[in-house]
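Structure record follows, encoded as structure tokens.
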Amino acid sequence: MRAATLEGTPSRPADLLRPARRTGTAPPPGGRCASVLPMMIDVPMLLPAILALHAVVAVPLPPLVRRLGPRAFLLAGVPPAVSAVWALAQAPAIVAGRAATAEVAWAPALGIGLNFRVDALSLAMIVLVSGIGAVIFCYCAAYFHHGERGLGRLAAVLVLFSGAMLGVVTTDNLFALYVFWELTSVTSFLLVGHDDRKEQARRAATQALVTTAGTGLLMLIGFVMLGHAAGDYSISGLVADPPDGGPWLTVALVLVLAGAFGKSAQVPLHFWLPGAMVAPTPVSAYLHAAAMVKGGVYLVARLAPGFADADLWRWLVLGFGLATMLVGGWRALRQDDLKLLLAYGTVSQLGFLVLLGGAGTQVAGVAMIAMLLAHGFFKSALFLTVGIIDHQTGTRSISRLTGLGRRMPVLAVAATLAAASMAGLPPLVGFVGKEAALEAFVPGAAPAPGPEGSAVMLTGLVLGSILTFAYSARFVWGAFADKSTVSERGFRRPSAAFVAAPVALTAVSLGLGLAPALADPLAQGYAHDLPAGHHAYHLSLWHGITLPLLLTGLVIAAGALMFVRRRAVSRLQNRMPRWPDAEYGYHLFVHGVYSVALSVTRRTQSGSLPVYLGIILATMLLLPGARLAAGLITGEIAVPGVQGAFRLWDSPLELLVAAVVVVTTIATVREHRRFPALILLSVLGFGIAGLFVLHGAPDLALTLVLVETLTTIILVFVLRRLPTTFSVRPNGWAKRLTVLLCAAAGTFIALALWLMTAARTDAPISQGYTERADEAGGDNLVNIILADFRALDTLGEIVVLATAAVAVASLVLLNRRNRVVDEPAAEVAVEAEEEARLSAAAEEHADSVAAHAAAEPALGQGQAPARGAGAEAGEAEMTVRGTAAGPEGAGGESRAEAVGGGPGGGEPAEGGPAGGPRPRPADAPGDAADPGPAPPDPGDTPADSADPPPDPRETPADPDDHEGSDDGRP
Amino acid sequence: MADLESAYPVPAGRADRPGGPPEDWEAPRERWLSTAVRPAFGPRSVLLEVATRLLTPAILTFSVFLLVSGHDRPGGGFAGGLVASMAYVLRYIAGGRHELAAGIPMQPNRLLALGLLLAGGTASAPLLFGRPVLEVVSYTAVLPLFGKVKFASYLLFESGVFLIVVGLVLSVVAALGARMEAEEYEARERGGAWGPEEGGAA
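Chains as they are written, first to last, in the working numbering: chain A, 1 to 970; chain B, 971 to 1172.
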């Protein structure tokens, strides 16, 4: 089966666009395809099954890759290949205007469903996503080495990405589109960060995720607004019957465009695309040339028929598209790294595609489809070429490559043809598309934009095309030319199978260029319902001597001149003032978010329990308390009569218990020593339990007694770490306010309870519980309620309990992995001196680490060094794990101090004056720590949440923490 | 740990309690607990250790009694779980963190996970048969010795609650008690004085 895929694949792209003529009869021969296809013709809609196939194939891939090595990529290529073949079998019907549809219900009541609809635009995208995808999977089999780290994950995620992208381009529901869209963002994140040991890769992956998923969220808001305005969340319905205009429609469209621009790397969000080039080259070729970045283009083109005439749409699309085209082209000229050159070229081409797709005229639509296909084929071929060059020679730097044209002639010819397609030279498909694009903006020829706008756009397009020509020439020269100043490197010839992929893709470029009629039905299928100009436009190599042809001549001449005078151009570029870097804006934004989060956290999370309690009590008094007071004043809330129903007690024992409760309460408040206060507090709790017993609730009493006992014991653990007495508060306004607040809160609670128990209007729900309990077969009503009637509540509560347990353990153990001594290691008797020596050494290490983090290395109470220092000191400890007593980490000590200080006493000052320098947001991530003791800020102590996670090294959850929390079991 | 700890002679008298009896005056000479004992607080105590040794099985049995009798009498999974965890807390107080580690059947996190699995599984099992969530299935049998005994699915649910409560308490004890104690121990070994905190607990 694998062999069939390998052999079949290179020829498949060439077949891709032929079924238009073949009218869907014979699929390309190949063992597997032949067996699948007849079924497809019978069953028109296989798409959901194909999507599922992607997921199914992804699951066994990691172990398969471990066993088979990169050859398993051939299996990974099966789902995209099936998808491409299926789509091409559907092509004649789709081009004829009969879109293939399918529906899988998801949440029909909310208008969410997995509805699929494959029309001409989707078909073109499937050709890119699945057709080129299949070729790239085959290429991967030759590109990657056996045993490369994380290869199985890469393969699985790549297949998942392929499926998600297929979903994006075929779904007809806005929500499903969003889900697939974000799936591509997430898988792209994993793929860009493939080499997760490189910080650069992690950073680029995060950047790509933040940009695409962040703008994706805006897009979701836009989708909801659009769907709400139209009352229909299906895309085809939305485009066919767009909602009426209005400011909200404009806002919605701007939000949707933000998502599309983020995904398609439009200026000023383009920075993530060059950054994402740290991904392996096949991944870049697939995600960042053929498939994912086309998502935005697809969305713009998808919505354009319905919304191109809406306010702002055309200007946003044309403006951003043109700016992106020019900026990308200009920056591509500067690059020395071939891959980065292509990346900026892709940015430029994406701008071009967005403006074509968004223009919303028939010729522009035709041009968009042609350019979409052209770009997919030539750019992926070029990326794969760079991959081969990098793979064989070990570099992709223009200044270090020479003579490759002589030594890899086949590849050189293929890449040159692909680059020629990129530059728009006949007879390649790039030329065909570019002719159509220029035609679309000939003033007066198309219904929109107006003549002035068209003139501006045409000028911009010509400039962009000149830049494109220049960097295409630079690419070919840089990759293959003989350079006298560079010494030649020795390398092995690439295998034929390796070179096959770019050659096949280039062959498609050439074939489509020579026979543009193959792609024309597809383009017409998409563009036919867009507003047309005076006459129909068909893709063709020769339209006669027209303005676009003359302009192409101008482009070639000027581009060639730019290439020949490249030294002058690069001098000019160096002399230009550096415009503000968009990536800088991204970092500014991220740091802004961090610092706002920090300052909010610092202000709201003071870490002082009295303040928290005060806020809670004040809120309680302010909201329900004020309402209660108002109700009492207006007489809205009836005061239960004192006479008659009012009883002081049921049994005189209650009075005794109440007296105990009151006395212990007062004594607790007046007690200045912690331990006696704790004992008094538990006596108070037992008193309350006594009240329950007297009221005939033994279950409650039992539970309360147990809880009180346990709480007391646990508080004793904490108390041992705290000073003997509470700190004495000065008799100031703060104390008076506290007393007042507490008294008011107590009064409110008592009053509210009294009024509430008397305020019953309906029969209590508990009536009839007794009979029901008999029915349920139990005598203990409380327990029947807990475990049967209200078991769902109990289920929720135990989930909360479990969460709280994990949270408490993590809070206390934060930052102290391997704190508890390892039992097995401890069993070895360690001599005292040796231990002291080791810990001293480790202390030195910890100190140096702490000093590196610019934190005060001295140990002891009142130190709360920055988290970075703590973490690294923790690592220092790991190095001496095995001694019974690990050294005191610089960070560890004070953290417990702070946490212990919180619940126990609530005096933050005791937890240490928080000498802990807090990370400055402006610092470079990782060493975010102020030197020296920071100004004492009692509020900051336990606020670990105030630490920003800027450094990905710190963010991943540490499995050791969980291991550690179980207290060093043997 | 055993050899290591016994290798340290316990000092007679403590700096913070001058004039008192020697620290180990009530220390047992026999081994009552399963590990080398280093209590959570203060010196070893024969009374505490013997009581722990004797009471632990009784407390655990009582907790199971509370669990199964909960449907007709006071008790239930929550109370039972609290009682069971009390046994471990007692063991920890008497014998220190190693004793606790030796005594608990599995890591607290696993207890939590198992409990959630049990409760969630019991809750959702009726779904498999097209019944509503948390539907109770019961079966009454007449056993030779016990008489009429009812087996009901809420007992499984309550067992989940029981395990989660034990897991919660154990993880809090492990976090707040044992972890801090370990640090204190380290600090003591390194010669650092702990200052006034000891007094607070004593």
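Quick reminder that beta carbons are idealized off the backbone N, C-alpha and C, glycines included.
Computed from a predicted structure; not experimentally measured.
Item	Value
Are Val1142(B) and Ala805(A) close, meaning C-beta to C-beta below 9 Å?	yes
Cα-Cα, which of Leu1104(B), Ala1057(B) and His1041(B) is closest to Thr1022(B)?	Ala1057(B)
DSSP on Asn1026(A), reduced to helix/strand/coil?	Outside the modelled stretch of chain A, which goes from 1 to 970, sits residue 1026(A), for which no answer is possible.
Tell me, to the nearest whole angstrom, how far the beta carbon of Leu678(A) is from that of Thr712(A); I am working on the premise that it is less than 8 Å.	6 Å
Below 7 Å CB to CB, which residues in the same chain sit around Phe307(A) once its five sequence neighbours on both sides are set aside?	Pro242, Leu253 and Trp313
In the DSSP assignment, find the unbroken beta strand (DSSP E) run with Ser651(A) in it and report its ends.	Segment: none, Ser651(A) is in no beta strand (DSSP E) and carries neither H nor E.
List, in chain order, every chain B residue whose beta-carbon is nearer than 7 Å to that of Ile713(A).	Val1059
Taking a cut of 8 Å between CB atoms, which residues from the region 704 to 734 of chain A lie near chain B?	Leu706, Val707, Thr709, Leu710, Ile713, Ile714, Val716, Phe717, Val718, Leu719, Arg720, Arg721, Leu722, Pro723 and Thr724
Which residue from Lys735(A), Val251(A) and Leu622(A) puts its Cα closest to that of Ile749(A)?	Leu622(A)
Find the residues of chain A that neighbour Glu1128(B), judging by a C-beta separation of less than 7 Å, and give them in chain order.	Ala787
How big is the Cα-Cα spacing for Leu299(A) and Gly1051(B)?	56 Å
Mind pulling the chain A residues with CB within less than 9 Å of Ile1134(B)?	Ile798, Val799, Leu801, Ala802 and Ala805
Note down, in chain order, every chain B residue with its Cβ under 9 Å from the Cβ of Ala698(A).	Position check: residue 698(A) holds Pro in this sequence, whereas Ala was assumed. Ordered by position in chain B, the residues that pass the 9 Å Cβ test against Pro698(A) are Arg1043 and Pro1044.
Please report how far the alpha carbon of Val830(A) lies from the alpha carbon of Val1059(B), in whole angstroms.	Note that Val830(A) has pLDDT 39, beneath the 50 cutoff, so the model's placement of it is unreliable and no number is given.
Output, in chain order, the set of chain B residues within a Cβ distance shorter than 8 Å of Gly778(A).	His1041 and Asp1042
Flag Ala446(A) as yes if its beta-carbon sits less than 9 Å from any beta-carbon of chain B, otherwise no.	no
Tell me which residues share the same chain as Val410(A) and place their Cβ nearer than 8 Å to its Cβ, disregarding the 5 neighbours each side in the sequence.	Val499 and Val503
Would you tell me roughly how many angstroms separate the C-alpha atoms of Leu722(A) and Leu598(A), rounded to the nearest one?	29 Å
Would you grab the beta carbon distance between Ser1129(B) and Leu1088(B) for me? Rounded to a whole angstrom, and I think it's under 8 Å.	6 Å
Residues in the region 1095 to 1123 of chain B with C-beta within 9 Å of chain A's C-beta atoms, listed in sequence order?	Val1103, Leu1104, Val1106, Ser1108, Thr1110, Lys1120 and Ala1122
Classify Asn780(A) as buried or exposed, calling it buried when 16 or more other Cβ atoms lie within 10 Å of its own Cβ.	buried
Run through the region 509 to 561 of chain A for me and flag every whole alpha helix (DSSP H) of 4 or more residues, listed as ranges in chain order.	520 to 527
When burial is assigned at 16 or more other CB atoms within 10 Å of the CB, is Lys198(A) buried or exposed?	exposed
Starting from Trp754(A) and walking both ways along the alpha helix (DSSP H), at which residues does that stretch end?	Trp733 to Ala758
State the DSSP-derived secondary structure class of Phe180(A), mapped to helix, strand or coil.	helix
Give me the subset of the region 640 to 669 of chain A whose CB atoms are less than 9 Å from a CB atom of chain B, sorted by chain position.	none
Answer with yes or no whether the minimum CB distance from Ile765(A) to chain B is below 9 Å.	no
Assuming Ala473(A) and Val347(A) form a contact by the criterion Cβ under 8 Å, report the distance between their Cβ atoms to the nearest whole angstrom.	That belief does not hold up - the Cβ atoms of Ala473(A) and Val347(A) are roughly 18 Å apart, past 8 Å.
Return the CA-CA distance between Ala285(A) and Gly394(A), expressed in angstroms with no decimal places.	18 Å
Going along chain B, which residues have a C-beta under 7 Å from Ile688(A)?	Under the 7 Å cutoff, chain B gives no residues; its nearest Cβ is about 16 Å from Ile688(A).
Would you report the Cα separation of Arg1014(B) and Ala1028(B), rounded to the nearest angstrom?	22 Å
So with Cβ pairs under 9 Å, would you call Leu467(A) a contact of chain C?	Among the protein chains of the structure shown, namely A and B, there is no chain C.
Look at Gly163(A) and Leu53(A) and say whether their C-beta atoms are less than 9 Å apart.	yes
Measure the CB-CB distance between Val476(A) and Thr416(A) and report whether it falls below 9 Å.	yes
Where does Ala323(A) sit, in a helix, a strand or coil, going by DSSP?	helix
Rounded to a whole number of angstroms, what is the C-alpha to C-alpha distance between Arg32(A) and Val78(A)?	Only weak support exists for where Arg32(A) lies, its pLDDT of 39 falling under 50; the coordinates are left without a value.
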